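Participant: Sequence order for the protein chains is E and D.
Numbering-wise (the numbering used here), the first sequence opens with residue 1 and increments by one.
Numbering-wise (the numbering used here), the second sequence opens with residue 484 and increments by one.
Virtual Cβ for every residue (Gly too), placed ideally from N, Cα, C.
Fair warning: this is a prediction, and the values are worked out from it, not measured in the lab.
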Amino acid sequence: MSSSTNSPTHHTSTIGAIGAPSRRNTELALLVFAVAIPVFAYANVGLAISDQVPSGLLSYGLGLGLLAGVAHLAVRKFAPYADPLLLPLATLLNGLGLVVIWRLDQSKLLQSLPNFVTAAPRQLLYTALGIGLFVVVLIFLKDHRVLQRYTYISMFTALVLLILPLVPGLGANIYGAKIWINIPGLGSLQPGEFAKIVLAVFFAGYLMVKRDALALASRRFMGLYLPRGRDLGPILVVWAISILILVFETDLGTSLLFFGMFVIMLYVATERTSWIVFGLLMSAVGAVGVASFESHIQTRVQAWLNPMREYELSRQVTHDGILHSDQLQQALWAFGSGGTLGSGWGQGHSDLIRFAANSDFVLATFGEELGLAGVMAILLIYGLIVERGVRTALAARDPFGKLLAIGLSGAFALQVFVVAGGVMGLIPLTGMTMPFLAYGGSSVLANWALIGILIRISDTARRPAPAPASSPDAEMTQVVRPS
Amino acid sequence: MNKPLRRIAIFCGLLVLTLLLRDNYLQYVRADSLKDDPKNRRVTIARYATPRGDILVGGDPITGSAESSKSGVNDLKYKRTYKNGPMWAPVTGYASQAFGATQLESIEDGILTGDDDRLFFRKTLDMITGKEQQGGNVVTTLNAAAQKAAFDGLKKRGGKGAVVALEPSTGKILALASYPSYDPSSFAGNTNDDAAAWKKLQKKYDPADPMLNRALRETYPPGSTFKVVTAAAALENGKYTSADERTDSPLPWVMPGTTTELKNEGNIPCENATMRVALQYSCNTVFGKIGSDLGNDKMLEEAKKFGFDSEQFTPVRATASVFSDDMNKSQTALSSIGQYNTAATPLQMAMVASAVANDGKLMKPYMVDELQSSNLDPVAKTEPEELSRPLSPKNAQILQDMMQTVVEKGTGTNARISGVEVGGKTGTAQHGVENSENPYAWFISYAKLPDGSSPVAVAVVIEDEGANRDDISGGGLAAPIAKNVMEAVVNAKK
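(1) Report yes if the CB atom of A119 (chain E) is closer than 8 Å to the CB atom of I101 (chain E), and no otherwise.
(2) Using a cut-off of 9 Å between C-beta atoms, extract the partners of W333 (chain E) located in chain D.
(3) With distances taken from CA atoms, which of E:L450, E:L30, E:V247 and E:L57 is nearest V290 (chain E)?
(4) Use the C-beta contact count for V856 (chain D): other C-beta atoms within 10 angstroms, 16 or more gives buried, fewer gives exposed.
(5) Looking at Q887 (chain D): is its Cβ nearer than 8 Å to the Cβ of V905 (chain D)?
(6) From the beta carbon of K486 (chain D), is the nearest beta carbon of chain E less than 8 Å away?
(7) To the nearest whole angstrom, what separates the beta carbons of V386 (chain E) and F412 (chain E), a pair I think is in contact under 8 Å?
(8) Using the DSSP secondary-structure output, state which residues sit across from P861 (chain D) in a beta bridge.
(9) Can a CB atom of chain D be found closer than 8 Å to the CB of G338 (chain E)?
(10) List, in order along the chain, the chain D residues whose C-beta lies closer than 7 Å to that of A393 (chain E)?
(11) Within 10 Å of its beta-carbon, does K655 (chain D) have 16 or more other beta-carbons around it, so buried, or fewer, so exposed?
(12) Quick one: any contact between the stretch 598-609 of chain D and the stretch 624-634 of chain D, if contact means 3 or more CB pairs under 8 Å?
(13) Would you list the one or two residues that DSSP bridges to M846 (chain D)?
(14) Three-state secondary structure (DSSP) at I596 (chain D)?
(15) What residues in its chain sit with their C-beta under 8 Å from that of K178 (chain E), if we drop five residues either side in the sequence?
(16) Quick check: what's the CA-CA separation for V137 (chain E) versus V209 (chain E)?
(17) If A499 (chain E) and L352 (chain E) are in contact, beta carbons under 8 Å, what's the gap, nearest whole angstrom?
(18) Measure the Cβ-Cβ separation of V903 (chain D) and F926 (chain D) and say whether it is below 8 Å.
(19) When we look at the beta-carbon of L509 (chain D) and count the other beta-carbons within 10 Å, is it buried (16 or more) or exposed?
(20) Rounded to a whole number of angstroms, what is the C-alpha to C-alpha distance between T724 (chain D) and L587 (chain D)?
(21) Quick check on W345 (chain E): does DSSP put it in helix, strand or coil?
(22) Can you name the residues of chain D whose CB is closer than 7 Å to the CB of A420 (chain E)?
(23) If we ignore side chains and look at the alpha-carbon of each, how far apart do Q52 (chain E) and G46 (chain E) end up?
(24) Quick check on A120 (chain E) - is its C-beta less than 8 Å from some C-beta in chain D?
(25) What's the C-alpha gap between L125 (chain E) and R309 (chain E)?
(26) Does DSSP classify A826 (chain D) as helix, strand or coil?
(27) If the cut-off is 9 Å on Cβ atoms, which residues from the stretch 872-890 of chain D count as contacting chain E, listed in chain order?
(28) Run down chain E in chain order and give the residues with a C-beta less than 9 Å from the C-beta of D543 (chain D).
(29) Enumerate in chain order the residues of its own chain whose CB-to-CB distance from M885 (chain D) is below 7 Å, with the five nearest sequence positions on each side excluded.
(30) Can you tell which of D:K486, D:G907 and D:W736 has the C-alpha that lies nearest to the C-alpha of V835 (chain D)?
(31) Count the other C-beta atoms from every protein chain shown that fall within 10 angstroms of the C-beta of F806 (chain D), then say buried if there are 16 or more, exposed otherwise.
(32) So, using beta-carbon positions, are S732 (chain D) and N755 (chain D) closer together than 8 Å?
(33) Using C-beta distances below 7 Å, list every residue in its chain close to A678 (chain D), excluding the 5 sequence neighbours before and after it, in chain order.
(34) Do G895 (chain D) and P704 (chain D) count as a contact pair if the criterion is CB distance below 8 Å?
(35) Here's the rule I'm using: 16 or more other beta-carbon atoms within 10 Å means buried, otherwise exposed. How should F796 (chain D) be labelled?
(36) Please determine, among E:A204, E:F258, E:T151 and E:G169, the residue with the shortest C-alpha to C-alpha distance to A485 (chain E).
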């Protein structure tokens with residue numbers, strides 16, 4: 001396909017220039033499905049709720065198709081060797097998320113809530129912006145190694161982003177977690193979603209420089225390589241920041257996500273298992289320590305251990321000053337009522353979750369309406385995205401690219417685990433959202449940027465090695481082929 | 484760097500695997516228990532998502548379904564309506580969006596909503612053909628004319644009371660009325676109006692307790708109507724073998740172990756009276772002494788054969804009537820004339836009358852004749868079932884003879900119906916400390932057609948607080964209602 005040489009004759013080509021296929025057509029074919037499936041789902045919801053194909057079907061289908069097309073063309077032009085699965089998978093999740101958000105917009109119960117907004121058009125706008133950001137990343141980030149230059153600026157930016165929700169007048173406390181900021185006229189923003197990417201850049205840049213020191217200078221103790229005291233510095237700082245997030249923003253998920261991402265990247269950079277052990281110990285100590293005095297975390301843990309009790313409390317007038325929520329129990333009922341095959345699009349009652357049904361708890365709607373089969377498919381799609389990310393890290397040729405790719409994929413995996421696990425009652429609930437599925441501008445934008453970066457790295461990784469400059473003795477090495 | 488990368492890949496795979504396992508646990512292992520959890524709102528939503536099946540009396544529905552009010556958010560689509568709700572409330576119970584369901588509405592909920600497994604085939608067919616799930620019907624044994632006679636009679640009386648009518652040969656419940664009653668339609672939805680109506684009916688706010696099903700759930704001292712059971716015990720135990728044999732009954736009679744005389748109401752010929760005369764005049768001394776002579780055990784045995792001391796399931800549960808054990812002679816004597824601890828539901832006393840009328844065979848009372856699917860196919864049919872034999876046919880004849888004397892020329896003349904043999908027994912039961920409160924007026928009876936069959940046995944109880952104390956006697960207040968109920972059934976047979 002791309003024997004990209006400038007050989008003088010048509011009979012010759014240079015060895016080594018035969019590259020991997022670009023797989024762009026595979027991506028296009030998959031994208032057709034990724035657009036068609038949500039369009040059918042959309043029609044299905046309309047038929048189930050009001051017995052007619054929704055009037056917006058054409059514009060919705062064209063809109064999603066157009067966005068996917070633009071993204072595809074951008075990849076074709078600016079990252080021709082990129083991984084062919086990432087874009088279709090993200091498009092499919094984003095499309096399905098739009099359908100579910102539109103479906104929940106139709107709920108009379110949710111419409112009756114005081115702060116109801118018609119979320120689907122906004123989410124479509126966010127999707128357009130997100131794909132716009134994706135294209136911008138592809139155009140302007142010609143080589144991901146450029147990011148290496150911004151290592152310490154990234155650190156600074158990440159810290160600002162993380163501190164923003166705590167600035168008085170800017171931060172917003174929504175149901176106990178302080179992970180939002182209000183921008184007058186624009187709405188609210190979740191800076192943590194962006195901090196995730198910026199932090200990955202910082203960690204990758206920092207660890208690439210320090211990895212040898214962290215890896216080699218160590219003592220052996222009980223089969224583990226113990227780092228020197230002074231090398232413990234960075235992990236202690238990140239740990240401390242995570243703990244501070246936990247204490248001041250009272251969000252277990254964000255805290256766990258950042259610390260987990262750092263530990264993963266540290267392990268990959270140093271190849272020392274001891275960091276994992278340290279990381280686990282430190283996060284356990286931190287989580288238990290903070291939970292012992294932070295009442296918001298305690299409430300979340302109580303709600304996780306006994307959702308039914310929390311449900312009962314939410315229906316009574318309690319005077320303990322704690323906001324009791326029946327959301328988790330409602331989500332569990334939604335999952336259970338879905339059963340194996342689900343009630344079908346538009347036929348469930350996941351709107352009973354009320355607040356955040358289309359954001360933090362969006363998976364419950366999938367659970368009820370698409371059943372076990374649907375949720376397993378969704379989880380596997382997430383798994384595939386993570387797998388493509390890890391594969392990109394494996395294929396990347398530069399350590400910075402490897403670290404960045406594994407950092408982003410690992411964070412993505414942790415986020416999916418923390419959110420889905422929280423909604424399914426596996427771990428305590430946190431205030432994060434399912435990437436692409438959930439309603440929310442910050443999440444959609446940040447995750448499209450994340451996919452953009454992964455695509456950029458994978459393009460660099462899979463791009464055939466540049467052909468050697470045409471040398472004067474090229475004639476000597478030519479291969480003669482029968483014509 | 485690739486070795487740790489591969490390990491991280493495995494770690495991420497494990498995260499996803501954990502989520503998959505958890506999801507299987509939730510949506511497969513625990514799916515049913517979560518789905519059917521009564522606190523799960525979906526259970527209620529499903530119950531009211533389709534029109535409920537109906538409860539039928541004589542082929543006509545006494546219930547219906549209407550779309551809920553559209554004002555505000557109501558995720559429950561249909562609500563229950565009732566035709567002549569107060570009259571039928573003791574039969575139907577209620578099915579309310581806000582307050583749940585009771586009695587027949589609750590017991591046959593599966594059929595009425597269409598969820599019952601017995602409707603599985605129908606349900607699957609509806610699902611395949613894309614039809615909405617439809618509820619089945621509950622066909623009751625009730626007789627609309629008898630029920631109307633019973634309810635109107637109680638209503639005219641105005642106090643509190645209950646009527647139960649049975650078909651002696653089968654145990655079918657023909658009438659089941661309680662007064663004061665309530666309209667289950669008034670709180671079938673879940674609006675504020677429904678809540679207000681519900682609140683007003685609670686005993687706290689309405690001392691008359693209109694939601695109490697007096698026919699099945701309230702026990703009263705049966706008073707003299709219990710003498711029928713005592714007479715049956717005397718015959719069955721061979722103490723006396725005919726209605727006209729003189730009994731060994733001194734007057735005045737001092738209860739054994741005490742110095743208290745058992746009194747009769749007024750100056751009536753009770754000394755050594757035959758059982759026929761004693762029942763005719765309702766002699767306390769005669770039946771008190773019979774009970775005392777037979778003893779606690781034999782009386783208890785006979786009472787149990789009539790259904791005392793056990794709950795009845797019609798299928799709506801009826802409270803167990805009481806005849807105590809471990810009583811001394813004087814307590815047994817008092818119990819044998821329906822006082823002391825003895826207490827009976829109206830259903831229980833109707834069962835006593837019905838067993839006598841059915842030649843000694845007590846049939847299990849029931850009110851659900853048939854369950855139907857939505858297209859009227861029978862799903863289940865209740866077959867009459869014999870509960871016990873409190874009397875031999877011969878002794879039953881003797882007791883019928885005695886009860887007919889009561890109606891012909893005794894205390895029960897108000898229940899006479901021309902052309903029909905009627906047997907009955909009045910009762911006026913004392914209650915309250917030192918009998919301070921108004922007594923209950925009882926009447927139990929049965930009708931017998933010329934061909935020897937008995938289509939109806941009935942029990943009526945009136946607790947009439949407004950009435951003059953002297954006026955209260957079973958014959959005066961309760962017998963006319965019993966008569967109207969029996970006439971309604973007999974006329975339908977002609």
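Facilitator: With the structure as the only source:
(1) yes
(2) L517, K518, D520, K522, N523, R524 and R525
(3) E:V247
(4) Strictly speaking, residue 856 (chain D) in this sequence is Ser, with Val absent from that position. Buried, because 16 or more other Cβ atoms sit within 10 Å of the Cβ of S856 (chain D).
(5) yes
(6) yes
(7) 6 Å
(8) D:Q855
(9) yes
(10) L488
(11) buried
(12) no
(13) D:E869
(14) One point to set straight first is that residue 596 (chain D) is Thr, not Ile, in the sequence displayed. Note: T596 (chain D) maps to helix in three-state DSSP.
(15) P165, L166, G171, A172, F248, E249, T250 and D251
(16) 25 Å
(17) Within the shown structure, residues of chain E are numbered from 1 to 483, placing residue 499 (chain E) beyond reach of any answer.
(18) no
(19) buried
(20) 43 Å
(21) coil
(22) L502
(23) 6 Å
(24) no
(25) 39 Å
(26) strand
(27) none
(28) Correct list: empty, because the minimum Cβ distance to chain E is about 34 Å.
(29) A714, A726, M758, R759 and L762
(30) D:G907
(31) buried
(32) yes
(33) A581
(34) no
(35) exposed
(36) It is not possible to answer for residue 485 (chain E), since the shown part of chain E is limited to 1 through 483.
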